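Please read the structure below before turning to the comments.
Protein chains: 2
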Amino acid sequence: MNHPAQLAALKKPLPESLLAALKSLFGERCSTSEAMRQHHGRDESSYDPMLPDAVVFAQSTEEVSDAVKLCAAHDVPVIPYGAGTSLEGHILALRGGVSIDLSQMNSIIAVHPEDLTVTVQPGVTRKQLNTEIRDTGLFFPIDPGADASLGGMAATRASGTNAVRYGTMRENTLALTVVMADGRVIRTGTRARKSSAGYDLTRVFVGSEGTLGIITEVTVRLYPQPEAVSAAVCSFPTPGDAVRAVIQTIQMGVPIARVEFLDEQGVKAINAYDKLTLPEQPLLLFEFHGTEHGVQEQAETVQEIVAEHNATGFEWATRPEDRSRLWGARHNAYFALLQLRPGARAISTDCCVPISRLAECILDTKADCEHHDMVYSIIGHVGDGNFHVQMLVDPNDPADIAKAEGVNARMVTRALAMDGTCTGEHGVGMHKMDFLVQEHGDGAIEAMRALKHAFDPRNILNPGKIVQW
Amino acid sequence: MNHPAQLAALKKPLPESLLAALKSLFGERCSTSEAMRQHHGRDESSYDPMLPDAVVFAQSTEEVSDAVKLCAAHDVPVIPYGAGTSLEGHILALRGGVSIDLSQMNSIIAVHPEDLTVTVQPGVTRKQLNTEIRDTGLFFPIDPGADASLGGMAATRASGTNAVRYGTMRENTLALTVVMADGRVIRTGTRARKSSAGYDLTRVFVGSEGTLGIITEVTVRLYPQPEAVSAAVCSFPTPGDAVRAVIQTIQMGVPIARVEFLDEQGVKAINAYDKLTLPEQPLLLFEFHGTEHGVQEQAETVQEIVAEHNATGFEWATRPEDRSRLWGARHNAYFALLQLRPGARAISTDCCVPISRLAECILDTKADCEHHDMVYSIIGHVGDGNFHVQMLVDPNDPADIAKAEGVNARMVTRALAMDGTCTGEHGVGMHKMDFLVQEHGDGAIEAMRALKHAFDPRNILNPGKIVQW
Chain A
49 MNHPAQLAAL KKPLPESLLA ALKSLFGERC STSEAMRQHH GRDESSYDPM
99 LPDAVVFAQS TEEVSDAVKL CAAHDVPVIP YGAGTSLEGH ILALRGGVSI
149 DLSQMNSIIA VHPEDLTVTV QPGVTRKQLN TEIRDTGLFF PIDPGADASL
199 GGMAATRASG TNAVRYGTMR ENTLALTVVM ADGRVIRTGT RARKSSAGYD
249 LTRVFVGSEG TLGIITEVTV RLYPQPEAVS AAVCSFPTPG DAVRAVIQTI
299 QMGVPIARVE FLDEQGVKAI NAYDKLTLPE QPLLLFEFHG TEHGVQEQAE
349 TVQEIVAEHN ATGFEWATRP EDRSRLWGAR HNAYFALLQL RPGARAISTD
399 CCVPISRLAE CILDTKADCE HHDMVYSIIG HVGDGNFHVQ MLVDPNDPAD
449 IAKAEGVNAR MVTRALAMDG TCTGEHGVGM HKMDFLVQEH GDGAIEAMRA
499 LKHAFDPRNI LNPGKIVQW
Chain B
49 MNHPAQLAAL KKPLPESLLA ALKSLFGERC STSEAMRQHH GRDESSYDPM
99 LPDAVVFAQS TEEVSDAVKL CAAHDVPVIP YGAGTSLEGH ILALRGGVSI
149 DLSQMNSIIA VHPEDLTVTV QPGVTRKQLN TEIRDTGLFF PIDPGADASL
199 GGMAATRASG TNAVRYGTMR ENTLALTVVM ADGRVIRTGT RARKSSAGYD
249 LTRVFVGSEG TLGIITEVTV RLYPQPEAVS AAVCSFPTPG DAVRAVIQTI
299 QMGVPIARVE FLDEQGVKAI NAYDKLTLPE QPLLLFEFHG TEHGVQEQAE
349 TVQEIVAEHN ATGFEWATRP EDRSRLWGAR HNAYFALLQL RPGARAISTD
399 CCVPISRLAE CILDTKADCE HHDMVYSIIG HVGDGNFHVQ MLVDPNDPAD
449 IAKAEGVNAR MVTRALAMDG TCTGEHGVGM HKMDFLVQEH GDGAIEAMRA
499 LKHAFDPRNI LNPGKIVQW
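So the protein lines, in turn, are chains A and B.
So the mapping is simple: the working numbering equals the position in the first sequence, first residue as 1, plus 48.
So the mapping is simple: the working numbering equals the position in the second sequence, first residue as 1, plus 48.
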């Protein structure tokens, strides 16, 4: 892991001339207030904030380019800021510098319903996008829980509950506009659904967490709203039963749109938070998209599968309000869990394994949590083999934090031994840099570093994240 | 375009010491015979061969690494060779050097049916793969027509008829083993279905055409064989009717597995070649995958849509032998077409546009072909907005070739003006380098060049392809 104190030692004061230039360019949209810097120096991880020296609110690609050019001329770090919902310390200003807030770049640039594509500015959030395109009959499926910005989602290679059916930002991003480290503006693709035209720059930037360039436009795929949607919920005597039911569902190729696992503690938390009365046992929450008959057929197949795995209380939720209540509760799980230990902070882990190893990985991780008396819950996008352990820790107790980090480290090691990955969807940020090396090995890390050096030769783009310089 | 004569001037004779070292390493699997060099100095493009100085047949990642290390030490180009089915001059040895033939690396390393993944050596062909995994109940969908090798398909970001449903090599490659320009071996991913773990090296190499590294293992996703498959064929009075029917099918979100367009000339060619009696009019060939009922439902929806677009002769092919006959004919279209003008060579074009512009792009291109009296056919994976014009030219008539290149250039310009791409699936090779610049602009090309320089600082990996050094 990075050592924040060590890195902060590299921090230089912001040159007066740069600040003057930024103020002249951005006027009141350039701030150095403590409150503003605090707000931009943290994400939803458990890290203490590390503040940028200044924050500018960009309103166009040109402004981002101008800000980057100024910072480049002064060798000052720039850190793009979307909605601040990242979880691994992605946007902390390790070496100070300028946070470029993109939230005011929140226009939908062009919807092409006939092509199932939309181009947006990076500050557009996923909920905003779906609200604005609702009457086209299309929707954008990727749903990481938080109301993240599309620019941030692309930068983190986000996914979430729908990925099992619709893929992640990796599969759904068609093109990006990117401001490079020297302020040049490039476009990485077209609106064609597929292309073999040279190196895949779009996917070089998707998941690059602001370290290779700053994303200022995002073109993504949209999907027709399904003719029919239904949800189902059922409970299991053990987490192993639940996960094995999912494995079989995936192996049979049932095209489920979502399948979420919550362990007993997760169910307890959302029951309390959302005033629900779900049985306090491991639970699966399914969603089916398709034609009326197709949805019914999928649900029947799944009902047979879960029955073989000792499911009880299989219940339908075909009415939109019932579905919204269940999925709303699922999305609140993080906040619901925080209520279980007042004053605590959550450390959220993230790993993804080949589906056949999922039950084993979850059960071993659960045993480790129990062994260390953690207050925790396991939830997961289990159709992809992806799950999270949320652990509640006392932020003022280093021993408590160390215990949680131990669980996390062992979980990652376990996932890697199963040919899985140290992060399914949260990204690397500061927190997973050592795990990244463990996963990829020195050779591949060297290739990543070569890429970073080629695209950002002066290391000003969100420095200290993903790979060590 | 590159000027082969100019590039060939850079060619140096192969150092004797290198040849001796390769012979000592590969024994009889190192050849400098004229016939062997001829075979490895051409692909299925209309380019004249440009020969490597030597060919080695590698049998392991270590051997590839050893060969690359030797060539690197002598600053000699290395060109990976799979099945030789590329179409844009990908494997021509512009500056001579060593062709590393990977066809003997044709083992399936590990099938994980329970995870729907398989890891293969790069010389495994797609047909071989499907034959070897047949009894797992799974299949590998990507089907570029030719029986290409998996390594070559990854290197070219191949796709084909099934991409509309299952995606391309971009979406289906989970991990690669790659020999880098200095002989180091890296692995770019894991078998997890999704990951946010750092820069997406897998997709850096997918589509890099041997210019950034040599792929020596490929892990791809597999899919359960569908419970039911059916095909349908119908004819249209005009190509515009056919394409508009496809556009509507896609916009409605019908999950078709394949939809192929053949123009009148294409149908004539396959009728003659495959002894079929299809009406000699523009034609669509559909395939549906799903449950018994789902397939029927899709086909009924499609039947309604095509009827609105003046389709005639809608016919089912539910029996496997009838489906095979139709799809076999489609796959033979390239060879069938060659029979239309004996002694001719085919120039195959490739572009992809947003689906709403597809009819216009095809019709304008068709008009251009007619205007220039080309012997041609248009076929396409129209569900993706991707199509090909195959033009038959006299290889000894420069004027004829120039005429075809003119049609191609105008088609690409047209596609780019529609926010499409200069190549949907064939790749860049030598032939599309200028079009690549036209598509991406100098800034993005500069980023691609930075990537090439970072990964291959001495320009020994398949030099002269994708981007100018």
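Yeah, the Cβ is synthetic: ideal placement off N, Cα and C, and Gly gets one too.
No experiment lies behind these values; they were computed from the predicted model shown.
Of the candidates Y247/A, F334/A, S65/A, D230/A, the residue whose Cα lies closest to the Cα of A203/B is Y247/A.
Annotated as proximal: F105/B and D149/B, with beta-carbon spacing under 9 Å. By a beta-carbon distance limit of 8 Å, A365/B contacts R371/B. Their separation comes to about 5 Å. In terms of Cα proximity to G475/A, the closest of P189/A, A240/A, T179/A, T259/A is T259/A.
If you compare the alpha carbons of S134/B, R367/B, A211/B with that of A196/B, the shortest gap goes to S134/B. Taking 9 Å as the cut-off, the beta carbon of D398/B is found no closer than this to the beta carbon of T349/B.
A straight line joining the alpha-carbon of I514/B with that of A223/A spans about 19 Å.
Assignment of L99/B by DSSP, reduced to helix, strand and coil, places it in the coil class. One finds G301 in chain A with Cβ atoms closer than 7 Å to the Cβ of Y271/B, taken in chain order.
By the Cβ rule, the stretch 286-294 of chain A does not count as touching the stretch 259-270 of chain A, because fewer than three pairs are nearer than 8 Å. Nearest C-alpha to F383/B among G314/B, N434/B, G431/B: G314/B. One Cα belongs to T461/B, the other to V437/A, and the distance between them is close to 51 Å.
For A394/A, the enclosing beta strand (DSSP E) begins and ends at 393-396. Annotation note: the stretch 367-422 of chain A contains the following uninterrupted alpha helix (DSSP H) runs of length 4 or greater, listed N- to C-terminal: 368-379, 381-386, 406-419. No Cβ-Cβ contact shorter than 9 Å links I304/A with R405/A. For the pair of segments examined, the stretch 272-283 of chain B was found to touch the stretch 320-334 of chain B: the number of CB pairs separated by less than 8 Å reaches three. Within the stretch 176-199 of chain B, not one residue has a Cβ closer than 7 Å to any Cβ of chain A. Annotated as proximal: V441/B and R393/B, with beta-carbon spacing under 9 Å. Collapsing the DSSP output to three states places E328/B in coil.
By the rule that beta-carbons nearer than 9 Å mark a contact, F383/A does not touch chain B.
Annotation for N434/A: the continuous beta strand (DSSP E) segment containing it runs 434-441.
Within 7 Å of the CB of A202/B, no CB atom of chain A is found; the nearest one sits about 11 Å away.
Across the structure, G512/B and I139/B are spaced so that their CA atoms are roughly 10 Å apart.
Listed in chain order, the positions of the stretch 221-239 of chain A with a beta carbon within less than 9 Å of a beta carbon of chain B are A223, V226, M228, R232, V233, I234, R235, T236, G237, T238, R239.
By the criterion of a C-beta distance shorter than 8 Å, I318/B is surrounded in its chain by L310, L324, L326, A377, R378, N380, A381, A384, once the five residues flanking it on both sides are discounted. Think of a sphere of 9 Å around the beta carbon of C78/A: no beta carbon from chain B falls inside it, the nearest being about 27 Å out.
Taking the C-beta atoms as reference points, R306/A is found nearer than 9 Å to N210/A. Taken through DSSP and simplified to helix, strand or coil, Y247/A comes out as coil.
Contact note: K242/A reaches chain B through S207, A211, T216, C400, D432, N434, G472, E473, using a C-beta cutoff of 7 Å and chain order.
Approximately 7 Å separates the beta-carbon atoms of H501/A and A502/B; this is inside 8 Å, confirming the contact. With a cutoff of 9 Å on beta-carbon distance, G491/B and R232/A are scored as near each other. Residues H88, V103, I139, S147, I148, D149, L150, S151 of the same chain have their beta carbon placed closer than 8 Å to that of Y129/B, with the five preceding and five following residues left out of the count. For I493/A, the secondary structure class from DSSP, reduced to helix, strand or coil, is helix. With respect to P125/A, G144/A sits close: the two C-beta atoms are nearer than 9 Å. Per DSSP, the continuous alpha helix (DSSP H) segment holding R218/A begins and ends at 217-220. Selection M201/A, V226/A, E257/A, V166/A evaluated against R241/A yields V166/A as nearest (Cα-Cα).
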